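Q: Heads up: the sequence shown runs through residues 3 to 115, numbered per the numbering used here. My questions will all concern the structure given below.
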Amino acid sequence: MECRILHIDMDAFFASVEEARDPRLRGKPLIIGGDVDGTRGVVSTASYAARAYGVHSAMPMVQARRLCPHAIFMQGNFHLYAAASRRVKEILDGVSPQVQMASIDEAYVDISG
């Protein structure tokens, strides 16, 4: 039997979780990271609307604020993201008994059958 492994990478996961929690955020530039009001923070993720302005992960928050000053800046809520990741894993476990979470937003699923 041929081995088939599905790689799942949930792009902009933190932003998507925040949008699911608060639908008013959908379609708006949303930037999540640390020290959102200071000068030392880094972007954890940016919604697709924020990415359109050149904002990306690992960018200094100060630079993100310059590129997209009208964005919604949020401190990350990692308990919320971990809970969402567990829910995704539960769904994937229903697809295959062989699920390996590589990170909070990435998984490998054996779909060999």
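Just so it is clear, CB atoms sit at the ideal spot from N, CA and C, and this is done for glycine as well. A quick note: this is a predicted structure, and the numbers were derived from the prediction, not measured.
#1: What separation, rounded to the nearest whole angstrom, lies between the Cα atoms of leucine 94 and valine 111?
#2: Does the count of Cβ pairs from the region 64–79 and the region 34–45 closer than 8 Å reach three?
#3: Put glutamine 65 into one of helix, strand or coil per three-state DSSP.
#4: For glycine 78, which residues from the same chain have a beta carbon less than 7 Å from its beta carbon, with the 5 sequence-adjacent residues on both sides left out?
#5: Please look up how many angstroms separate the CB atoms of isoleucine 74 and leucine 32, rounded, as I've assumed it's under 8 Å.
A: Checking against the coordinates, here is how it stands:
#1: Numbered from 1 along the sequence shown, position 92 holds the residue referred to as residue 94. Numbered from 1 along the sequence shown, position 109 holds the residue referred to as residue 111. Roughly 7 Å between the two C-alpha positions.
#2: yes
#3: As a position in the sequence shown, residue 65 is number 63, starting the count at 1. It is helical.
#4: As a first step, residue 78 is located in the sequence shown; it is residue number 76 there, counting from the start. Counting only Cβ-Cβ distances below 7 Å, and skipping sequence neighbours, we find Phe16, Ile34, Gly35, Gly36 and Ser46.
#5: In the sequence shown, the residue the question calls residue 74 occupies position 72. In the sequence shown, the residue the question calls residue 32 occupies position 30. At roughly 5 Å, the Cβ-Cβ gap stays under 8 Å, so isoleucine 74 and leucine 32 are in contact.
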